[in-house]
Ligand code: DP6
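Residue numbers (the working numbering): 25 to 373.
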């Protein structure tokens, strides 16, 4: 017999960034962070987990290619989920798996991203969140989303925020064992649904410095990171929560842009400095800043993760369609900007 579960999880984009760990193995951050989860039809991971007595070892395929499962992070997630497995009964198929059986049974896992992995957007967030969620369902784990988020966190920090839709806060927590470092939903996806997210793929090259090693170097060498974590982010988190509750786009955009810029300033303050943005990223920032200043109120927020691609959040559909026209005008796909595609947050624009 074989028992399978399939789950789908979207990726999330941080508007107040997570950058720096206080515990590397448990993945505990130095500050809280807040993100927006994308609609599931864009940038999501679909994962099928299967269990069968005929499987001789745990195996995993990512976009059809087998990958190694020896990594500590994957093993931590699996261990945590297995420890919470309960009895499973499928009467239709006549299958009964007891809590104890899960220790001996092996898994086959197939995961697909609905976006090109090479586009540099393949954040581990959706992948790990989806894996933990699907395994939790398969093994009949009774934990709620927040508790599952604390497990996904051990796969990749940002993954813990993908267990919820809408606006999500990852609370850094205080406990040494990480039990209170988990995600909570601030507002669901219907709360502020005029926002449109556009991702401008500036370069599809894989990033040179991974988030994991980049943030390690920042923690070790950047004084700005210490100041940011202690003095800046706690205040910004409060203001961002307020902006989200009140759907205050001017405040939301101001905080989002400032936080992205400070994160990249921390990268520059790292020794040796880390450059994630390129000239095109900088030009996009200038364009958006100029446009926002020429209007009565800001129309667009920008944020950049550990790479040059721009995530642009428009206040409504009208602003999004103007933005798209401007992007195509200033950064035509064939020009030397190397910006070759756009992934829309809303297909109908
Ligand atoms: C810049 O979650 O990829 O996207 O915990 O080491 O797996 P690890 O790092 P990861 O870092 C994401 C960093 C970021 C900001 C964010 O998503 O908050």
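Each residue gets a CB set at the ideal place from its N, CA and C atoms; glycine is no exception.
Note down the Cα distance separating residue i from residue j, rounded to an integer number of angstroms.
{"i": "residue 241", "j": "residue 295", "result": "7 Å"}
{"i": "residue 94", "j": "residue 61", "result": "29 Å"}
{"i": "residue 309", "j": "residue 131", "result": "45 Å"}
{"i": "residue 67", "j": "residue 354", "result": "25 Å"}
{"i": "residue 30", "j": "residue 81", "result": "20 Å"}
{"i": "residue 69", "j": "residue 226", "result": "22 Å"}
{"i": "residue 108", "j": "residue 313", "result": "49 Å"}
{"i": "residue 249", "j": "residue 260", "result": "15 Å"}
{"i": "residue 168", "j": "residue 224", "result": "35 Å"}
{"i": "residue 281", "j": "residue 139", "result": "25 Å"}
{"i": "residue 342", "j": "residue 135", "result": "36 Å"}
{"i": "residue 304", "j": "residue 157", "result": "37 Å"}
{"i": "residue 46", "j": "residue 203", "result": "14 Å"}
{"i": "residue 36", "j": "residue 329", "result": "11 Å"}
{"i": "residue 315", "j": "residue 302", "result": "20 Å"}
{"i": "residue 123", "j": "residue 110", "result": "5 Å"}
{"i": "residue 106", "j": "residue 270", "result": "41 Å"}
{"i": "residue 101", "j": "residue 64", "result": "23 Å"}
{"i": "residue 324", "j": "residue 331", "result": "20 Å"}
{"i": "residue 327", "j": "residue 306", "result": "11 Å"}
{"i": "residue 210", "j": "residue 51", "result": "22 Å"}
{"i": "residue 216", "j": "residue 34", "result": "17 Å"}
May I ask which residues mark the beginning and end of the beta strand (DSSP E) holding residue i?
{"i": "residue 28", "result": "27–34"}
{"i": "residue 130", "result": "130–137"}
{"i": "residue 194", "result": "191–195"}
{"i": "residue 224", "result": "220–225"}
{"i": "residue 328", "result": "324–328"}
{"i": "residue 112", "result": "112–114"}
{"i": "residue 166", "result": "No beta strand (DSSP E) holds residue 166; DSSP gives it neither H nor E."}
{"i": "residue 209", "result": "206–211"}
{"i": "residue 92", "result": "Looking at the DSSP string, residue 92 is not in any beta strand (DSSP E), and its letter there is neither H nor E."}
{"i": "residue 45", "result": "45–47"}
{"i": "residue 59", "result": "57–61"}
{"i": "residue 51", "result": "Residue 51 -> no beta strand (DSSP E), and no H or E assigned at all."}
{"i": "residue 298", "result": "Counting along the chain, residue 298 falls outside any beta strand (DSSP E), and DSSP gives it neither H nor E."}
{"i": "residue 120", "result": "119–121"}
Go through its chain and collect everything with a Cβ distance to residue i's Cβ below 6 Å, but skip five positions before and after it.
{"i": "residue 97", "result": "179"}
{"i": "residue 264", "result": "40, 58 and 279"}
{"i": "residue 298", "result": "233, 238 and 291"}
{"i": "residue 213", "result": "189 and 190"}
{"i": "residue 340", "result": "218"}
{"i": "residue 91", "result": "84"}
{"i": "residue 155", "result": "71"}
{"i": "residue 272", "result": "none"}
{"i": "residue 245", "result": "294 and 295"}
{"i": "residue 267", "result": "275 and 276"}
{"i": "residue 129", "result": "75"}
{"i": "residue 321", "result": "274"}
{"i": "residue 32", "result": "64, 68 and 70"}
{"i": "residue 133", "result": "73 and 84"}
{"i": "residue 243", "result": "44"}
The alpha helix (DSSP H) spanning residue i covers which residue range?
{"i": "residue 102", "result": "96–107"}
{"i": "residue 71", "result": "Per DSSP, residue 71 belongs to no alpha helix (DSSP H); it is in the beta strand (DSSP E), 68–76."}
{"i": "residue 186", "result": "Element bounds for residue 186: n/a, residue is neither H nor E."}
{"i": "residue 269", "result": "257–269"}
{"i": "residue 336", "result": "No alpha helix (DSSP H) holds residue 336; the beta strand (DSSP E) holding it covers 334–338."}
{"i": "residue 284", "result": "273–292"}
{"i": "residue 308", "result": "303–318"}
{"i": "residue 353", "result": "341–354"}
{"i": "residue 236", "result": "235–245"}
{"i": "residue 380", "result": "Examination of residue 380 is not possible in this model, given that the chain is present from 25 through 373 alone."}
Using C-beta distances below 7 Å, list every residue in its chain close to residue i, excluding the 5 sequence neighbours before and after it, in chain order.
{"i": "residue 183", "result": "148, 149, 152, 153, 176 and 177"}
{"i": "residue 104", "result": "175 and 178"}
{"i": "residue 187", "result": "153, 157, 169, 172, 173, 176 and 207"}
{"i": "residue 347", "result": "222, 324, 336 and 338"}
For residue i, verify whether its CB is less than 7 Å away from any heavy atom of the ligand SAH.
{"i": "residue 326", "result": "You won't find the ligand SAH in this model; what it holds is the ligand DP6."}
Could you pull out every residue in the same chain whose Cβ sits closer than 8 Å to the Cβ of residue i, ignoring the five residues on either side in sequence?
{"i": "residue 206", "result": "170, 171, 173, 174, 177, 184, 194, 195 and 197"}
{"i": "residue 25", "result": "76, 77, 117, 118 and 119"}
{"i": "residue 200", "result": "47"}
{"i": "residue 247", "result": "293"}
{"i": "residue 56", "result": "40, 193, 194, 195, 196, 257, 258 and 261"}
{"i": "residue 127", "result": "106"}
**Report entry** Cβ contact check for the segment 285–292 and the segment 333–348: 3 or more pairs under 8 Å
**Finding:** No, the segment 285–292 is not in contact with the segment 333–348.
Query raised in the report: Does the segment 39–49 come close enough to the segment 76–91 that 3 or more CB-CB pairs lie under 8 Å?
Result: Contact between the segment 76–91 and the segment 39–49 is absent: fewer than 3 CB-CB pairs across the two stretches fall below 8 Å.
Query - Inter-stretch contact at 8 Å, needing at least 3 Cβ pairs: the segment 65–74 / the segment 158–173 - result: Taking 8 Å as the limit for Cβ pairs, the verdict is that the segment 158–173 does touch the segment 65–74.
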